[in-house]
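FYI, in the working numbering the residues of the sequence shown are 43 to 306.
See below for the structure under consideration.
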Amino acid sequence: MTHTDHSTPLRPFLHRLDNRVALVTGGASGLGAAIAARLAEEGARVWVADIDSQGAAVQASLLKNGAAIALDVTCKNQWHSVISRVEDIHGRLDILVNNAGITTMGSIETLDVDAFRHELEIDVVGVFLGCQSALRLMRTTGGSIINIASAAGLKADAGLVGYNAAKAAVTLMTKSIALHCARQKYGIRCNSVHPGAIHTPIIDKVLAQVPNPTETMDGFLAAHPIGHLGHPDDVAAIVAYLASDESRFATGAAFSIDGGMTAL
Ligand SMILES: NC(=O)c1ccc[n+]([C@@H]2O[C@H](COP(=O)([O-])OP(=O)(O)OC[C@H]3O[C@@H](n4cnc5c(N)ncnc54)[C@H](O)[C@@H]3O)[C@@H](O)[C@H]2O)c1
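Right, dumping it as structure tokens:
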């Protein structure tokens, strides 16, 4: 019996996104970098937007049809400038991936309220501003908005009170935006993606916040019935599907990609 190799990059070139314009927040690192690469491989012109402008420039330079732009997702004025720039150059935005995010560890007894506010500002307000700003341009041509939530937006963990609150908010905000766009007949779909633990720098940042990183890593593995963590390409593949017309009947939905974590 052969097993699927889960640790190597997926390399499909389907060209489902030729001539589309995409913007990926947090595109300098981890999942955002993998998503930007996959959308570009599918033919899209990809804007890599990140607060880390140097990292965004590096990632964009690796893409066939990429461009970098500095963006703090919590800043309404910066969103306005970014969308205006995309409009000036392309006159349209077909795909928005709200991926930028942080993970703040802590329970209701240990998490400081300022850290809780910071978590919500980036992971919730950042997504809200992205959707609101992009709609202005996207509603003229239609498009697809994909919000990267988390398995933690569907399932609670005692040590993740802030992250659980933030990603649960993204889950229902996505549905509300999808319903609004459908009722307005904008031709815009809005869905959320809920990864389990994926090997990216965010995992190292989480391990740096806990007293016993080995135990935490063992806990991550135990939480995934499939027996291993995910690869960034696993998430990029579902984002490419949601960005393409193949998912034309999908809106307001939460797509899990978590090795069975939320089935437990
Ligand atoms: N890696 C996982 O296991 C996992 C699991 C579920 C969900 N997610 C979600 O996926 C998304 C990406 O995570 P990742 O693992 O790639 O993390 P990462 O830390 O590797 O990358 C996050 C990126 O977001 C950028 N960023 C942070 N704050 C920003 C801001 N205010 N404005 C613009 N950019 C900002 C960072 O510079 C970085 O490039 C996050 O929303 C995260 O919650 C990750």
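Every residue, glycine too, gets a C-beta built ideally from N, C-alpha and C.
Own chain residues within Cβ distance below 8 Å of residue i, not counting five before or after
i	result
His-57	Glu-84, Gly-85
Ile-144	His-160, Glu-161, Ile-164, Asp-165, Ile-244, Lys-247
Thr-116	Glu-163, Ile-164, Val-167, Gly-168, Leu-171
Pro-255	Leu-249
Contacts around residue i, its chain only, beta-carbon distance under 6 Å, and the 5 residues preceding and following it disregarded
i	result
Phe-158	Gly-204
Val-63	Arg-87, His-132, Arg-134, Leu-135, Asp-136
Ser-298	His-236, Thr-304
Ala-109	Trp-89, Ala-102
Residue span of the beta strand (DSSP E) that contains residue i, given as start and end
i	result
Leu-64	Checking the sequence, you will find Ala at residue 64 rather than Leu. Here the beta strand (DSSP E) through Ala-64 covers 63-67.
Range of the contiguous alpha helix (DSSP H) that encloses residue i
i	result
Arg-58	Where Arg-58 is concerned, there is no enclosing alpha helix (DSSP H), given that its DSSP letter is neither H nor E.
Arg-225	203-226
Asp-276	274-285
Coarse secondary structure for residue i, derived from DSSP in three states
i	result
Phe-291	coil
Ser-186	strand
Ile-150	coil
His-241	coil
Cys-232	strand
Leu-171	helix
Leu-138	strand
Residue i versus residue j: straight-line alpha-carbon distance, rounded
i	j	result
Leu-113	Thr-67	8 Å
Thr-213	Arg-290	19 Å
Glu-288	Glu-151	45 Å
Leu-284	Asp-300	17 Å
His-270	Lys-106	31 Å
Asn-189	Ala-211	11 Å
Nonlocal neighbours in the same chain, by C-beta distance under 7 Å from residue i, ignoring five residues either side
i	result
Ala-91	Leu-65, Val-66, Thr-67, Gly-69, Ala-98, Ile-111, Leu-113, Val-124
Determine contact between the stretch 206-223 and the stretch 282-294, defined as no fewer than three beta-carbon pairs at a distance below 8 Å.
yes
Between the stretch 227-236 and the stretch 260-275, can you find at least three pairs of beta-carbon atoms closer than 8 Å?
no
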